[in-house]
Amino acid sequence: MAMKIILDFKEFSLTATLKETAVAKKFYFDLPLHVKLVTWGEEAYGPIHKDLGVESPVPSIPKGGLAYTSNGGYFCIFFGQTPAWPVEYIGDIDGGTWQRLNQPFPLQVEIRKAE
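Residue 13 in numbering that gives the first Met the number 0 sits at position 14 of the sequence shown, with consecutive numbering throughout.
Structure (structure tokens):
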């Protein structure tokens with residue numbers, strides 16, 4: 000079963016597909032989440048106030064990749080640079096729609112399961 004989610008920025012929404020990992024499944028079952036994001040270069044991240052554990056952190060995430068880090072309990076969206084430290088790669092924004100994040104975007108996102 001594909002775990003599809005919606006990243007709703009109010010002005011626009013992006014769909015994403017989560018990976019079949021234990022951390023991604025925990026993230027999915029904790030939805031919906033409201034996350035206040037900050038940007039650092041070409042990454043947006045914000046606290047989710049959940050401990051999803053550590054499974055297999057990776058040092059690099061592709062553009063449009065979604066991640067979780069237990070270092071602070073952050074949800075991360077990558078649209079350029081690589082993470083500052085290894086993170087749990089939990090999914091990808093569908094298609095090339097992640098490119099919308101290269102323009103100014105709202106820093107509040109609701110993450111919910113796709114219907």
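All C-beta atoms, glycine included, are put in the ideal place defined by N, C-alpha and C.
_3 or more residues per run - each beta strand (DSSP E) lying fully within the region 9-84_ = 12-17, 32-35, 42-46, 64-68, 73-77
*From this set, K24, K112, L100, which residue's C-alpha is nearest V37's C-alpha?*
L100
_On the DSSP bridge list, what partners appear for Q98?_
Paired residues: none, contrary to the question.
*Is the beta carbon of P105 less than 8 angstroms from the beta carbon of K9?*
yes
*Since V108 is in the beta strand (DSSP E), which residue starts that stretch and which ends it?*
107-112
*Give the C-beta separation of G40 and Q80 to the nearest angstrom, bearing in mind that I take them to be a contact with Cβ-Cβ under 8 angstroms.*
5 angstroms
*Go through its chain and collect everything with a Cβ distance to K49's Cβ below 7 angstroms, but skip five positions before and after it.*
D29, G72
_Outcome for T68 when other beta-carbon atoms lying within 10 angstroms are tallied against a minimum of 16_ = buried
*Check D93 in the structure and name its three-state DSSP category.*
coil
*Should E42 go down as buried or exposed, given a rule of 16 or more other Cβ atoms within 10 Å for buried?*
buried
*Count the other CB atoms, across all protein chains shown, that sit within 10 Å of the CB of A1; report buried if there are 16 or more and exposed otherwise.*
exposed
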